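A.B. asks:
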Amino acid sequence: MLNRYGARRKGIWFDWVNRTFLFLLAMTTVIPLLYVAWASVTVHGASNAAFPGFTLAAYRYLLGSEGIVRSLANTFWITTIGTVINVLLTCLTAYPLAQASLPFRKGFLLFIACTMICWGGMIPDYLVVSQLGLLDTYWALWLPAGIQPLLLFVLVAFFRKLPSNVTDSAKLDGCGHLDLLLRVILPLSVPPITACAMMYAAAHWNDFMSPLLYVSDVHRWPIQIWLHQVILLSAGGIEPPAGAKPLPLYAIRNALIILAVIPLSLLIASFHSSLLHALPGGSVKE
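Mapping of the sequence shown onto the UniProt record's numbering: position 43 corresponds to residue 43, and the numbering continues sequentially without gaps.
(1) Straight-line CA distance for W38 to I31?
(2) Based on the DSSP secondary-structure assignment, which residues constitute the bridge partners of F54?
(3) State buried or exposed for S169, treating a residue as buried only when at least 16 other CB atoms are found within 10 Å of its CB.
(4) Any idea if W226 is buried or exposed, counting beta-carbon neighbours within 10 angstroms, 16 or more meaning buried?
(5) Do you know how far the Cα of Y59 is from the Cα of L182?
(6) Where does S216 fall in DSSP's three states?
(7) According to DSSP, is C118 helix, strand or coil?
(8) How many angstroms separate the CA atom of R70 from the CA atom of H219?
(9) Do you know whose CA, among M209, V154, W205, Q224, lies nearest L266's CA?
(10) Can you grab the Cα-Cα spacing for the pair F111 / F104, in whole Å?
(11) Check for me: the alpha helix (DSSP H) holding A195 runs from which residue to which?
(12) Under 8 Å, do L152 and T90 count as touching if we go by C-beta distance?
(13) Find the nearest neighbour of M199 within the set G146, L186, Y126, judged by alpha-carbon distance.
(14) At a cut of 8 Å, does the segment 176-194 reach the segment 117-130 through at least three beta carbon pairs?
(15) Is Y138 helix, strand or coil when you go by DSSP?
(16) Please report the straight-line C-alpha distance between A98 and V215, rounded to a whole angstrom.
(17) Report the option in Y61, A203, A140, N18 whose CA atom is closest to the CA atom of A255.
(18) Which same chain residues, not among the five before or five after S47, have their C-beta less than 7 Å away from its C-beta?
(19) At what residues does the alpha helix (DSSP H) containing A157 begin and finish?
(20) So, helix, strand or coil for D173, using DSSP?
(21) Return the CA-CA distance between A251 and K106, expressed in angstroms with no decimal places.
(22) Quick one: using the 10 Å Cβ neighbour count with 16 as the cut-off for buried, is L43 buried or exposed?
(23) So, under 8 Å CB-CB, F208 and I185 are touching, yes? Tell me the CB distance rounded to an integer number of Å.
(24) Cβ atoms of L25 and V261: under 8 Å apart, would you say?
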């Protein structure tokens, strides 16, 4: 009885310590973001006041700029199409690799795992993209990052754990590999596919280096490039809307950070909600 009570108290203390640590860790991200959001809506010159004025001038300034609005649209396009391509390629690759009957299966998996360790470098990547004629196109952002090995292994492991009763029954009903994948495997694999899509979307939205290397056309820039321009290169060439009053650089910078963060945060929250609702309750009946 005493041992059980002591183990319970130890478990309670561990839970409290763990929750406190995770809360403090979350605050290291939330507090700076809240400060940036607060600074983006304060009146110029009153950011240190006890009750600074409220203004959306920085957001009106940015949303009135053609370049910023176009870059947001570009980012949505890059993220949406890129995520679809990533998920499609990952699922089509994971399905055969999950089949134990695939010849040289372990060799393929080992080769893919080596790509996580051995990377040719930035210059070979640029030369390959250039020789394929993909510079200044969004395909340079989509194709080189078509499949992430770690996410591929997640899907392979999940596909292999699916009940054999379901797949065997589908094969007896005359399902080929394509029908089996589309009608059986994918509907049962909504949670891991949703998680992979969330990871791919976050990677595309936050991608800064690839557009910087491969996209030189200003009209094709995503929002992350403009954020780099504003933070490191002063105003970064943002065209102010007609009749707009000049604003301090810190207000523009903070507002642009919030514009770049909010869509991704809403996207992740939406994916997280759908992931929880998509958890299967079991599909095999004996």
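Ideal placement from N, C-alpha and C gives every residue a C-beta, glycine not left out.
Since the structure is predicted, the reported quantities are computational estimates derived from the model, not experimental observations.
C.D. replies: Per the coordinate set shown:
(1) 10 Å
(2) In the DSSP assignment, F54 is bridged to T42.
(3) Exposed, by the Cβ-count rule.
(4) buried
(5) 44 Å
(6) coil
(7) coil
(8) When only Cα atoms are considered, R70 and H219 end up about 7 Å apart.
(9) The alpha carbon of L266 has as its nearest neighbour, out of M209, V154, W205, Q224, the alpha carbon of W205.
(10) 11 Å
(11) 190-206
(12) In this structure, T90 lies closer than 8 Å to L152 by Cβ.
(13) G146
(14) Touching, no.
(15) Residue state for Y138 is assigned as coil, using DSSP reduced to three classes.
(16) 36 Å
(17) Checked all of Y61, A203, A140, N18; the closest Cα to A255 is Y61.
(18) Any reading at S47 must be qualified, since the residue scores a pLDDT of 49, below 50, and its modelled position is unreliable; no value is offered.
(19) 149-161
(20) coil
(21) Distance between the alpha carbons of A251 and K106: 54 Å.
(22) In the sequence under discussion, the amino acid at residue 43 is Val, which differs from the Leu named in the question. Result: exposed.
(23) Going by Cβ atoms, the distance from F208 to I185 rounds to 35 Å, so no, they are not a contact pair.
(24) no
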